[in-house]
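A short worksheet on the structure shown next.
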Amino acid sequence: MKRLFIFLALAVLLTAVATTALAQQSIELSSANGYTWKAKDVGQDTSLDPAKPDYNDADWTVVEVPADLSPDVVGENTNFWYRLTGLKIPADWPKDRYLILRDFNVDDNDSTYFNGQLIGSTQGWNVPRKYIIMPDQVNWTGTNTIAIFGSQGVGGSGISQTAPVLEPGPTDSAVITITTTDAKGRGIAGIPITIKVGGQTIETLSETTTLVVTDVPIGSGTIEATSQPWVGTVKPEGPQPITLKGGQAISITFTVEPYVYRVVKADKPMKMDGNLTEEEWGGAMAMVVDQPRQLAAVGGGVTPDDCSAVVRWKWDENYIYVAAEITDDVPRVNTHTTPDDGNLWQGDGIETYLQLDPYDPKRADYLRDRNYQWTIGVGDPPQWKVFRDVVGDVTIASGGIPDWQPDHMAVVLMPKGRKPGYIVEARFPWKGFPDVNKNLIPPKEGTEGAIGLAVNDTDEEGSSTRENQIMWNGYGDLWTNPAHFTPCIWAGPPVTVVPGDVNGDGKLTIADVTVALGFAVGKGTPTSAQLAAADINKNGKIDIPDVVKILRAAVGIEKL
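Quick note on the working numbering: the sequence shown kicks off at 109 and runs consecutively.
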């Protein structure tokens, strides 16, 4: 009897171990394992219909996975789709666990869908993918569809290296999906997220799509999203309690009042001479780049005295204007000074990123007729170029963009009495942007667009290589990803502002002091009108010195 009991106990134990092992097995979704993949080159078509499970792909080509799709199935500078249908999930996989689709590449970029729902996007032809599939996205008893939308430049394309692997999530960790959206439901990137669970701290940034944080320890803890002046104000504020179980996922949503840059319209002709007068530049909002995250976008990071920036833009019917005041301890180091040089970014200079139609957080690729990177190198002589990652560089020498000479740009050293650095004042003709959609230029007053800023820095004299790049919102990928641009409004000419009138009632009182103090200590994000009224020292932000001046004026000690 004793032996029988031991045998039964051992059998139960072995069954449990075998069941656990079976439930944790992975499936390689390769052609060699009997999975039938289809693909099709769709040219410039960006319709998402092929992501739908019931889409008719009868005329698509059956392809090997993994294998290069070029040149037989997919051409160059095009888009393509994969579809895998009829996918069944093993019956013994636990239905309360999320699934992982991992370890495959897509040459060049992809957005991947499971049963018609986006589960992730990745830039880079050789970056291993890892996407989370939530339990409620899975048809556990029927069939499932994987659809992959890819974009291709030149060379190889598709799932060329390794096939996707599908498996249940592990039991010793959990997943958190985080959504940060504005009132219109648009995703907001760049919000710092801090997760504290089980004695560990995870720090990351929100994305324009749902952010998926994997390998989170199980247990109880907190999650917090932090407002940033260059992104927006987040609610709810402060640490939020969370409880995580092994192999499971939770979803968290934050709402964001996003920062929107107002590009005010110039109300008179502007002379590009490097003299940034209040008459010309008054009312223009400033982007200030001087915080640690902004200063460490690319490279090892710098201090504000090494490299920092205050940059403003205006526009009119003919031009986009930029005024940049760059603090730089070793200014104007850039050996790329000829009209045919596309490497202007490999030295001191500035980059303006423009989107001529409304900001779209789902647009992760440039469109050649509306997304532009306008790069200025500040060597002697200075130069400029226009870049789009779907096309490449367009230089002055190519004839594809206008020359900056004689009167479109001035680069001068900072005047005496200020920290070392340089000033750029430049204008670029709307009609000079290559392939530009003429229906979008000049912008219509009151319409939406998007804008971005980067400053390149090199300190070693004679060097032909960039050392650091500082960015308005801390991202280093604006050259390829317009989803990380900042929303903007093509606004009318600046209105007359009563200095210190933060609440907009036309007078200066103690109530304005209270509102300004809140902004100075990080309680909320000022509107452009509030910033114009309260930024007394003109450094692009509302700080304590501004509040002191407003207080003194409110009680009659001084005038603003």
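Ideal Cβ positions, reconstructed from N, Cα and C, are used throughout, including at glycine.
Item                                                                                                                                                                       : Value
Taking DSSP's pairing of strands, which residues face R191 in a bridge?                                                                                                    : K146, A255
Hey, W482 and V494: beta-carbon distance below 7 angstroms or not?                                                                                                         : yes
Go ahead and pull the three-state DSSP assignment for K343.                                                                                                                : strand
Residues in the same chain with beta-carbon distance under 6 angstroms from G194, minus the five sequence neighbours each way, listed in chain order, please.              : T251
According to DSSP, simplified to helix, strand and coil, what is S636?                                                                                                     : helix
Can a CB atom of chain B be found closer than 7 angstroms to the CB of M380?                                                                                               : Of the chains in the structure shown, none is chain B; there is only one protein chain.
Using DSSP with H/G/I as helix, E/B as strand and the rest coil, what is G295?                                                                                             : strand
For V170, does the three-state DSSP call read helix, strand or coil?                                                                                                       : strand
Please identify the residue among V397, D613, W423, P439 whose C-alpha is closest to the C-alpha of P523.                                                                  : P439
For Q260 and N217, I'd like the C-alpha separation in whole angstroms.                                                                                                     : 7 angstroms
May I have a chain-ordered list of the beta strand (DSSP E) segments no shorter than 3 residues that lie completely inside the segment 586–653?                            : 594–598
Can you tell me whether W389 is helix, strand or coil according to DSSP?                                                                                                   : helix
Taking 7 angstroms as the threshold (C-beta atoms), are N451 and Q463 in contact?                                                                                          : no
Look at P550 and E425 and say whether their C-beta atoms are less than 7 angstroms apart.                                                                                  : yes
Where do the ends of the alpha helix (DSSP H) carrying R476 lie?                                                                                                           : Run containing R476: none; DSSP gives neither H nor E here.
Helix, strand or coil for G508 per DSSP?                                                                                                                                   : coil
Just curious, the beta strand (DSSP E) that L403 is in, first and last residue?                                                                                            : Element bounds for L403: not the beta strand (DSSP E) but the alpha helix (DSSP H), 400–403.
Looking only at its chain, what residues have a beta carbon closer than 6 angstroms to the beta carbon of R294, apart from the 5 residues adjacent to it on each side?     : P469
Using the three-state DSSP reduction, which class does S219 fall into: helix, strand or coil?                                                                              : strand
Short of 8 angstroms in beta carbon distance, which residues of its chain neighbour W512, apart from the five on each side in sequence? Order them along the chain.        : P490, Q491, W492, I504, A534
Candidates D501, K631, W338, R574: which alpha carbon is nearest T588's?                                                                                                   : D501
Are Y461 and L274 closer than 7 angstroms when you measure CB to CB?                                                                                                       : no
Spatial neighbours of D477 within its chain, please: CB distance less than 7 angstroms, with the 5 preceding and 5 following residues excluded, ordered by chain position. : D543, V544, N545
Terminal residues of the continuous beta strand (DSSP E) containing Q245?                                                                                                  : Q245 -> no beta strand (DSSP E), and no H or E assigned at all.
Extract the residue ranges of the beta strand (DSSP E) inside the segment 535–579, only unbroken runs of 3 or more that lie entirely within it.                            : 556–565, 576–579
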